[in-house]
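The next block holds one structure in the form of structure tokens; read it before the comments.
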Amino acid sequence: MGTDYYNVLKVNRNATEEDLKKSYRRLAMKWHPDKNPGDAKREAEAKFKKISEAYEVLSDPQKRAIYDQYGEEGLKASADGGGSSSMNGPGNRRFNPRNAEDVFAEFFGSSKPFEGMGRAKSMRFQTEGAGTFGGFGANENKYKSYNDSVGTSSSQARKPPPVETKLPCTLEELYAGSTRKMKISRNVVKPNGQLGTESEILTIDIKPGWKKGTKITFPDKGNEQPNHLPADLVFVIDEKPHDLYTREGNDLLVHKKIDLVDALAGTTVNLKTLDGRDLVVKLTDVVTPGYELVIAKEGMPIVKENGKRGNLRIKFDVDFPKRLSSEQRHNIRKVLGGQSQQH
Numbered sequence: 000m001g002t003d004y005y006n007v008l009k010v011n012r013n014a015t016e017e018d019l020k021k022s023y024r025r026l027a028m029k030w031h032p033d034k035n036p037g038d039a040k041r042e043a044e045a046k047f048k049k050i051s052e053a054y055e056v057l058s059d060p061q062k063r064a065i066y067d068q069y070g071e072e073g074l075k076a077s078a079d080g081g082g083s084s085s086m087n088g089p090g091n092r093r094f095n096p097r098n099a100e101d102v103f104a105e106f107f108g109s110s111k112p113f114e115g116m117g118r119a120k121s122m123r124f125q126t127e128g129a130g131t132f133g134g135f136g137a138n139e140n141k142y143k144s145y146n147d148s149v150g151t152s153s154s155q156a157r158k159p160p161p162v163e164t165k166l167p168c169t170l171e172e173l174y175a176g177s178t179r180k181m182k183i184s185r186n187v188v189k190p191n192g193q194l195g196t197e198s199e200i201l202t203i204d205i206k207p208g209w210k211k212g213t214k215i216t217f218p219d220k221g222n223e224q225p226n227h228l229p230a231d232l233v234f235v236i237d238e239k240p241h242d243l244y245t246r247e248g249n250d251l252l253v254h255k256k257i258d259l260v261d262a263l264a265g266t267t268v269n270l271k272t273l274d275g276r277d278l279v280v281k282l283t284d285v286v287t288p289g290y291e292l293v294i295a296k297e298g299m300p301i302v303k304e305n306g307k308r309g310n311l312r313i314k315f316d317v318d319f320p321k322r323l324s325s326e327q328r329h330n331i332r333k334v335l336g337g338q339s340q341q342h
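Per numbering that gives the first Met the number 0, residue 0 is the first one in the sequence shown, and the count goes up by one each step.
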């Protein structure tokens, strides 16, 4: 059956000219022998040669038509060889693949694509809405540029540092999980070697329990530059402050102020959980300043431990009265002193 050129280029049989160019650019940069020194070079040379051959055939309408009908064997059959009579005509000439380096140099405009690094330009991002992710548009922010030049020449393409940007999330999103849509605009290298821009929407699935500092990497989604590899795009989870809860590892912490009488006689604490439930906590212990009550399994989900959660910790601050009347002082001494005399 011969070589499946469509599979070599990782495209389907209906691939357009633009599809072929994009795929060839990506695969040729990946498997160029100069980028795969040492033990990997022999395999890279073979793949690079086959990738160039596939692109040469499929990007030529006449060769592609013959290949689609007769396969690799028919394409490479000589005019006076064993081809069928239906192959006679202008298209029936022997196909000899060109030198892979020549195909590469013609495509990229250079036979030494991996020398120099240049300077990366900033990427632009749009999130859905102004933090609420309701729709694309006004909330466009510019993030850092990597303007440090890296070396002057190299035997293989270097990859620029990843482009990192924070992704602010509410504690509710990190508790229950959510999905974010990010619209990016980046520089791309066109087949003619010129720079253009391309927009794309990336989907980020935020998992329950993710913490500040968690990184989500989109390989090769950074800006492209001539003669070197595109940078990776990295989103870094950041936690927005919450009105009630503070996160400490997998635990949730709440500070609650209560009156002295409640600290001594007991009370009920009502809380709204991050997933919207009403949590009623009965307080029966005598509460001293700094007392902490632990509610098991009401904290954050623990990543990679399905079903497990941290704890909810309630720290109490006792609000002492500023003044007491003589009668109040007498009654307190009577009650507390009486308790003391029983020991």
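Glycine included, every Cβ here is placed at the ideal spot set by N, Cα and C.
C-beta contact flag for residue i and residue j at 7 Å
i	j	result
residue 268	residue 255	yes
residue 241	residue 335	no
residue 300	residue 208	yes
residue 232	residue 162	yes
residue 294	residue 311	yes
residue 285	residue 251	no
residue 1	residue 71	yes
residue 46	residue 30	yes
residue 32	residue 39	no
Classification of residue i by the beta-carbon crowding that lies within 10 angstroms, buried from 16 upward
i	result
residue 167	exposed
residue 77	With a pLDDT of 40 at residue 77, under the threshold of 50, the modelled position of this residue cannot be trusted; read the value that follows with caution. Exposed, by the Cβ-count rule.
residue 332	exposed
residue 200	exposed
residue 60	exposed
residue 106	buried
residue 323	exposed
residue 276	exposed
residue 41	exposed
residue 185	buried
residue 34	buried
residue 346	An answer regarding residue 346 cannot be provided, because it is not within the stretch 0 to 342 covered by the chain.
Identity of the residue in the options nearest residue i by Cα
i	options	result
residue 239	46, 324, 172, 292	172
residue 181	97, 315, 333, 205	205
residue 298	159, 253, 195, 58	253
residue 51	230, 102, 306, 323	102
residue 49	15, 98, 318, 17	98
residue 64	100, 33, 13, 36	13
residue 57	33, 73, 15, 36	15
residue 292	318, 313, 190	313
residue 104	37, 191, 67, 41	191
residue 211	67, 174, 185	174
residue 3	17, 176, 74, 35	74
residue 287	95, 317, 193	317
residue 260	319, 280, 271, 217	319
residue 258	18, 305, 321, 303	321
Residues bridged to residue i (per DSSP)
i	result
residue 195	187
residue 250	247
residue 236	166
residue 74	Residue 74 pairs with nothing; no bridge assigned.
residue 11	For residue 11, which the question treats as bridged, DSSP gives no partner whatsoever.
residue 31	BP columns for residue 31 are empty, so no partner.
residue 271	277
residue 266	282
residue 255	315
residue 202	180
residue 292	313
residue 224	227
residue 103	DSSP lists no partner for residue 103.
residue 300	308
Contacting residues, own chain, Cβ-Cβ under 8 Å from residue i (five flanking each side not counted)
i	result
residue 9	22, 26
residue 117	Unreliable placement is indicated for residue 117, whose pLDDT of 39 sits below 50; the coordinate value is still reported in the next sentence. Excluding residues within five positions, the ones whose Cβ falls inside 8 Å are 148, 224, 225, 226, 227.
Residues near residue i by beta carbon distance below 7 Å, same chain, minus five either side
i	result
residue 11	5
residue 165	235, 237
residue 246	170, 238, 299
residue 307	301
residue 243	253
residue 279	267, 269
residue 7	49, 50, 53
residue 197	185, 187
residue 96	52, 55
residue 195	187, 189
Close-in-space but distant-in-sequence residues of the same chain around residue i (CB under 6 Å, 5 per side omitted)
i	result
residue 215	203, 234
residue 290	315
residue 265	282, 283
residue 249	298, 299, 301, 309
residue 62	56
residue 219	229
residue 18	10
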